[in-house]
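4 protein chains.
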Amino acid sequence: MNTFGSKFKMTTFGESHGVALGCIVDGVPAGLSIDEVFVQSELDRRKPGKSRLETGRKEEDKIEILSGTFDGISTGTPIAMIIYNGDQKSKDYDSVKDLFRPAHADFTYWNKYGIRDYRGGGRSSARETAARVAAGAIAKLMINTLGIKVQSGVISIGGIHGVNVDFEYSKNSLLYALDKNKEEEQIKAVEDARDTHDSIGGSVLTVATGVPIGLGEPMYHKLDGAIAGAMMGINAVKGVEIGEGINSATLKGSQNNDALVANGFKTNHAGGILGGISNGDDIVVTTHFKPTPSIFQEQDTVDKNGNEVKCNLKGRHDPCVAIRGAVVCEAMMALVLADMVLLNMSANMEHLKSVYSK
Amino acid sequence: MNTFGSKFKMTTFGESHGVALGCIVDGVPAGLSIDEVFVQSELDRRKPGKSRLETGRKEEDKIEILSGTFDGISTGTPIAMIIYNGDQKSKDYDSVKDLFRPAHADFTYWNKYGIRDYRGGGRSSARETAARVAAGAIAKLMINTLGIKVQSGVISIGGIHGVNVDFEYSKNSLLYALDKNKEEEQIKAVEDARDTHDSIGGSVLTVATGVPIGLGEPMYHKLDGAIAGAMMGINAVKGVEIGEGINSATLKGSQNNDALVANGFKTNHAGGILGGISNGDDIVVTTHFKPTPSIFQEQDTVDKNGNEVKCNLKGRHDPCVAIRGAVVCEAMMALVLADMVLLNMSANMEHLKSVYSK
Amino acid sequence: MNTFGSKFKMTTFGESHGVALGCIVDGVPAGLSIDEVFVQSELDRRKPGKSRLETGRKEEDKIEILSGTFDGISTGTPIAMIIYNGDQKSKDYDSVKDLFRPAHADFTYWNKYGIRDYRGGGRSSARETAARVAAGAIAKLMINTLGIKVQSGVISIGGIHGVNVDFEYSKNSLLYALDKNKEEEQIKAVEDARDTHDSIGGSVLTVATGVPIGLGEPMYHKLDGAIAGAMMGINAVKGVEIGEGINSATLKGSQNNDALVANGFKTNHAGGILGGISNGDDIVVTTHFKPTPSIFQEQDTVDKNGNEVKCNLKGRHDPCVAIRGAVVCEAMMALVLADMVLLNMSANMEHLKSVYSK
Amino acid sequence: MNTFGSKFKMTTFGESHGVALGCIVDGVPAGLSIDEVFVQSELDRRKPGKSRLETGRKEEDKIEILSGTFDGISTGTPIAMIIYNGDQKSKDYDSVKDLFRPAHADFTYWNKYGIRDYRGGGRSSARETAARVAAGAIAKLMINTLGIKVQSGVISIGGIHGVNVDFEYSKNSLLYALDKNKEEEQIKAVEDARDTHDSIGGSVLTVATGVPIGLGEPMYHKLDGAIAGAMMGINAVKGVEIGEGINSATLKGSQNNDALVANGFKTNHAGGILGGISNGDDIVVTTHFKPTPSIFQEQDTVDKNGNEVKCNLKGRHDPCVAIRGAVVCEAMMALVLADMVLLNMSANMEHLKSVYSK
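Protein chains in written order, with the numbering used here: chain A, 587 to 944; chain B, 587 to 944; chain C, 587 to 944; chain D, 587 to 944.
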C-alpha cells in the first residue's frame, strides 16, 4: 500500500535513517520534458534546515533520476528517483528504542508489525515526504502543460489566522505565510513554542487554478474524496476542508449555494468541486496539522514491556510541521490532479475519437 | 471507479429514477452469517419519509440478496444486492432537464460526460447511498464478530452544537441527535429552514469502538486517510476531522499529545489513530455536510446553451442532508474498517503462521 | 477478486442455481449507443440447449439492463445487467453434495472456503460465463466504433485439427467449426464422446482485426500477458498460445521473425503483438479446453470426511465445453481490448493534447 | 502498469543502458529474515555471461537493498533494491536507432510512445528481468517458510524434448537442462544456431511443490489465470500450459479427469489447480519461448520514415532466451504464489479468528 494514484502512480520507499529513500513514478505520458532542475528546486523548498523555524537536521536531499527519460524527455516507462540519506544522527534515538514516544507512530508500528526501525521514526518519519515532493514535481510538470497551477501556503498558526492571501509573498516567507500582516505574529508563535520546548499546530491553504471542468471519478474516486484522502494521509494532518468546509455545516442553502452565471460561478463556496467533479473554478483546500509530536518536555509513556516510564526526547525537530507541510500539500494536490487528468481521458466517446482518429 | 475498498470491496450501480440500484460486495470471508433482517433494518434507518424532517419521497427500499450466500452463510463469492426503485416522480424534473441546479452535480456531469440523466439527479442523487448502507451492513456483520462497533449521530445543525454525546438516545431521535438537550433547538432550525423554503447544514459524529490495534496501511492507505476519503466522498460533505481535528492546529504539542499509560492512552486527541494505524482507542470522526442544495427559492443559473435563466425547483427534498447522512457515515466507516481488518491480516509473519499452520 | 479489467471493468456475481447472476460494467465512456438487442443476441450464442451437442438445460438467459444508460446511450455511470436463473434442477445435485466430483472445483472450494453451494457447481459453474458474455457485448460495442472486430470459432476437437479458417461459416455451425471440411468429423467425435458417457476436449481460435497499433501496457499489463490471463481464467482452459505459440519454441529466429515492409509485416508469427504491444496486425490466440469434467461413467473420489467413494453423476452437461467456450473467448478478448483501448489513451502527451485542447 | 501483484507487489523500473534498474517490493509481512546473500545468488543464476551459450555481455548485477529491513529482518515497509548498470556498449546500437529490429519491440514502442530509448532495447530489454528475479527471491524467502518450493529448468530446445525431469541435475547444467540424456543434443542445437548466426526457441518447465490447498482467487484472479498472465508477460514467451495443457484438448474426460483418493489425487493432469484454486498437488507449468529475435543475418525491415531498409545487427545476445528464461519463470511463479498466499488469508472466518483472537 505504498502506491498512490490509479493511473499516474507514485510508489515510495525508504526510512529516515536508512540507505536511501525515493520513488517510482509510473504512468507518466511519453513526450513530457522532465526538468531535473525544477524537481530539485521543489525538494529544496521542502528540505529542512533552511531557517531558524526548522529542524537543525541538514539534509542535502539531492535527487537523482535513474530511469524513464531519454534525452530529458519521458519515454512512458517508470521514472525512478533516489535520494541518499545524509546527515543522520541515529545515536539520538538510542534512548527511545524501547519506549513509545507520545503522539508518534512508535506504538502502533510496534503493535502492527512486531518490529520497528526506531531511528528517526523509520518509515513513519516526515522525511518520507521528500519522495512525495519529488513525484509531485513530475506531476506538476505534466499538469502545467494544461495550464493547471497548484500553490500552497500557511494560512494559520496556533489559532492566528491569516485573512489576506498572497501566494507570491508566501514563497519568500520563512513561514510560507500567506498573509504578510499576520506573518510576524505567526513567526513569534512558532518561536515561543520552540523556546518553551514545545511545538505548535498550523493550517495550510492549497489552491489549484486553471483546472479544466470534468476532473474527478464518481462514485468512489471523486475529486474531493481523493483530495481529502491524500491530505489526511500526510503526517500530522487531522482535518481537511474543501471550499467553505466546516463552516458550510452552519449555513443555509440560500447562503451556501453558488449561483451560475454565463461565465462560471458567482461565488465559490463549493471550492471548485460539485458532485465530486471539478467545475472550472479554483480548487480550494484547507489542511490542518497538529503540533509536532516531538517536544522537549518530559512526558509520560510506556515501554515495550508495558512499564510506565518517562520520555525525554533528544534529536532535532521542526517546532511546527505545518510550515514544510505546505510543500507536501502542494505535491499531493498535484499528484491527485495529474491522476484525475489521466483518468478523465476516457470519460466520453468524444475523447476516444480525439485520440484514435489520428 | 464505482468500487470502494481493496479487499473488502463494494461496487455499486444505479440512478435515482432508473430501474434499480444495488451493489456487489466482494471479498467477504466465507462462513459469515448474513442476517438479511439486519441488512433491511439498516436500510430502514436511512430510507426517507420516516419523519417530518425528511423528504416526502417514500421509498420502500426493499433489499434482495441475489448471490453469495448458501443457507444464510456467506460462501466467499460475491454478494449481490438489489433495490428496485419505486415512488419516482420523474415529471418533477422536466423543468430542470435543460438547466443546471445550483450546488448540484448537474453542471459538472454534463460537462464531463456530455449526457446526463436529469431525473432526480441520476447517479449523483443521494439515493445512491442506499447501496452503500446495504454493503455497510455486511461490513458491520463481519467486524461485529471481532467486537468492533460503529455508531453515528448528528452532533450539530446550523451552528447549534451538541455537547453531550448519547448514541443510545440518538437512535430514537427524529434527528438522530446525540445531545438530547440540543435536540429541540436543532429540530427547530431544520423546520425553520424548511418553512422558509431553505435548507441547512449539519455535522455528524461517528465513533468506532473495540477496534483492534494495527488497522491501517501506511503510507497511502492509512486509516485516517481512508476514512477522510470515504467521508468526503459522501454527497454534500465539505469537511472531515479525526479526533481533535481542526482544533489541533491551534494547540501546542504539550496540549495535544496523548500520554501513554499501562492500559492505553490518558486522552484521545488523536481520535484513535497514530501514524495512520489504529491505536486501540476509539476512532472519532466528525463529518460536515453542507446544506441541501435543493431549495425552493428562485435562484440564478444557466441552461445548457449558456443562457442565464432562473431556477425554480419542484420535487421533494430533505431540508438537512446531514440527518440521514449520519447513517451513511456509519456505513462508510464500517466499510473502511472491514477492508482494513482484511488488509491487516498479512502485516506480519506471525499472522501467516496463525493461518497456515493449521 | 470478481472484477476484471483496470479501466473498462466488469464485476460479476451469481451462482448456477441461485436467484440470479449478472454484472456491473464500469468505465464505459459516456455517449456509446447501447444496443440491448445485440447484447441479448450475444447471450443467445452462448446459451445452452441450442443443439444436440449441448446440455439439455434450457436457460432463457434473458438479460435486463438496470442502470447506466439514458435513452439508450451510456452516461458514464456503471451499467448493471441481470439474468434471473430459470430451469434449475437442483435435485440432480443432492447425490453430490457430500462428495467431490473429479476434475471439478468441488474439492478446492470446500477446502478454501469451508462451505460450498454444491448445486450445479455454484459459483464455479460455467454458467457464470453468461455474465462475461453480457459484459463482453458492451466491450464489443465500444471497440467496434474504432473498427476493431473480434471473432472466435472451434479449430480443433479431440485432436481433429481444422486447417482452413472461415469465421463466417462457423457462425452457423452447430459446433462453431472454423473448418467446414473437418466439421463432420469433429461433430462425430463429440457425439461419440456423449454416446459413450464421456466428454472430449477442444481448441478455440480467436482473432481480432482492426486493432490499432499501441495497445498493451508493459511491463505487467502487456497485451499478450493480459490475454493469456483472461483466457486461462475461463473454466476448463489449460493452455493458451499467441501467434505461432508453442511451435515457436521449436523454430529458429530466421524462421520465426516477422520481417517489416512498408505497409506492415510480411508474416504474423508474432500473432499481432511485439513487446506486449499490438503491432497493427491481427491478434491471433488459440485457447485449449480440457474435456468436460462431468462424465457419466463411475469414477473414484472421496467424500467430505475423506472416505473413498464412487461418484455417479446425474445432471445435464455439454460433452464438449470448447464449443460454447468459443463465445466466452470472444467476450474475454473484447474485454481485454476495451480495457487496453482506454488505458492507452494516456500513453503520450499528444493524446493528452488531443483531449484537453478542445 | 509496472506493478505486479495485488498484495505482495513488485514495482520495477529501469532500462537496459540507463543508470540503474531495480524494484520496490511492497506487502512483505514484517518479521521475515531477508537473506541478502540468497537474493544475490538468485541474480547470479540469471546473469549473463556465465557460459558459452549466453551473451558475452558481462553484467555484475550486484544488488543493494535500500530499505524495508532492520537488522536483516523485514519491517513491513517497502523493500527497495537497486542494480546499477555496468558493462554497456551503447555504441553497438547506433546503427539501429532509426530502424525497427524485426521481432523486437522497437516498432511498437515507437508507435505507442513516440519516443524510445533504442540502446539495448531500453525498457523492453530482457535485462529488466533482473529486477523480477530480485523480487522473486524475496517471494521465495516468504513462501519457503510455508514449505513451498519452486523450481524451473529447460525441458525442450528447438523441438528436442526432454522426457525425464531432474531439477537437481539442471542446477549445474549450462543449459539448465532437466533431462541429462537430452542435454548434449540440446546444447548442440543452441551452438548450431549460434554458429549459423541464428537463434533458437525452447521451453521451460516450472514446478511448485508443497503448495497448500486453497491458493487462487476466483473468478478473475484464479491461480492458473494469474500464472498464465505472469508467464506470457515474460519477454519472448508465446505459449503457456498448465498440467496436461494443450494435450488435454485432445483427450476424453475419462482420460483427463484426476480421480481422488484418500491422500490426494491418483494423477495430476490438472497440474495442481482445480477451479482456479490449488488442490495440494504439484503446480506444473510449461512456458514456451520463441527464438531470440536478435540474429546476425541480414533482415528486411523499415526505418522510422517508413522506408524499407536492411537490418544488420551488432551487439551480444543469447542464442536461446529460454535458458536464462528458466530463472525468470521461477521468479514469476514465486511472485504469483506469494501474492496468492497473502490474498488467501481472508478466505474464511476461521482465518480471521486465527489472526484476531490473539
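Glycine included, every Cβ here is placed at the ideal spot set by N, Cα and C.
Residue i: contacting residues in chain D (beta-carbon distance under 9 angstroms)
i	result
A/Leu607	Leu652, Ser653, Ala666
Start and end residues, alpha helix (DSSP H) containing residue i
i	result
A/Ile769	Reading off the sequence shown, one finds Glu at residue 769 of chain A, where the question assumed Ile. Per DSSP, A/Glu769 belongs to the alpha helix (DSSP H) from 766 to 781.
C/Thr715	715 to 730
B/Val682	It is not in any alpha helix (DSSP H) - B/Val682 carries neither H nor E in the DSSP assignment.
C/Lys698	692 to 699
A/Glu645	No alpha helix (DSSP H) contains A/Glu645, which DSSP labels as neither H nor E.
B/Ile869	No alpha helix (DSSP H) holds B/Ile869; the beta strand (DSSP E) holding it covers 869 to 875.
B/Ala917	907 to 929
D/Val623	622 to 632
C/Lys939	935 to 942
B/Asn842	839 to 842
B/Tyr755	753 to 757
Contact set between residue i and chain C, taken where Cβ atoms lie within less than 7 angstroms
i	result
D/Met919	Here the premise fails: no neighbours, minimum Cβ distance about 14 angstroms.
D/Asp844	Pro688, Ala689
Residue i Cβ short of 7 angstroms to the ligand COA heavy atom set
i	result
C/Met805	You won't find the ligand COA in this model; it holds no ligand whatsoever.
Among the options, the one whose alpha carbon lies nearest that of residue i
i	options	result
B/Phe851	A/Gln885, A/Ile909, A/Val605, A/Ile659	A/Gln885
D/Pro879	C/Gly604, C/Leu860, C/Lys698	C/Leu860
A/Glu803	A/Asn865, A/Asp844, A/Glu770	A/Asn865
C/Ile863	D/His690, D/Met728, D/Thr598	D/His690
C/Thr663	B/Cys915, B/Ser785, B/Phe599, B/Ala666	B/Phe599
D/Val941	B/Thr792, B/Met931, B/Trp696	B/Met931
A/Arg709	B/Met805, B/Pro798, B/Ile729	B/Met805
D/Lys874	D/Leu629, D/Tyr762, D/Ala606, D/Val826	Before going on, a small fix: residue 874 of chain D reads as His here, not Lys. The residue with the shortest Cα to Cα distance from D/His874 is D/Val826.
Chain-ordered neighbours of residue i on chain B, where CB pairs are closer than 7 angstroms
i	result
D/Glu936	Gly617
D/Val941	Met931, His937, Ser940, Val941
Outcome for residue i when other beta-carbon atoms lying within 10 angstroms are tallied against a minimum of 16
i	result
B/Glu601	buried
A/Asp904	buried
A/Gly613	buried
A/Arg638	exposed
D/Glu754	exposed
D/Gly831	buried
A/Ala716	buried
Which residues DSSP lists as bridging residue i, in chain order
i	result
C/Gln885	C/Cys897
C/Cys609	C/Thr598, C/Met667
D/Ile832	According to DSSP, D/Ile832 bridges with nothing at all.
D/Gln737	D/Val793
A/Ile746	A/Ile743
C/Glu803	C/His807
B/Glu827	A/Gly825, B/Thr872
Terminal residues of the beta strand (DSSP E) in which residue i lies
i	result
A/Ala794	788 to 795
Under 8 angstroms from the C-beta of residue i: neighbouring residues of chain C
i	result
A/Gly613	Ser932
Partner residues on chain A for residue i, Cβ-Cβ distance less than 8 angstroms
i	result
D/Asn588	Ile610, Asp612, Thr663, Pro664
Contact set between residue i and chain B, taken where Cβ atoms lie within less than 9 angstroms
i	result
A/Pro634	What A/Pro634 touches in chain B: nothing, since even the nearest Cβ is about 18 angstroms away.
Cross-chain neighbours of residue i in chain B, by beta carbon under 8 angstroms
i	result
D/Leu923	Per Cβ cutoff of 8 angstroms: no residues; D/Leu923 is ~12 angstroms from chain B at best.
C/Phe851	Correct list: empty, because the minimum Cβ distance to chain B is about 37 angstroms.
Interface partners of residue i on chain A, CB under 9 angstroms
i	result
D/Gly708	Phe656, Thr661, Thr663
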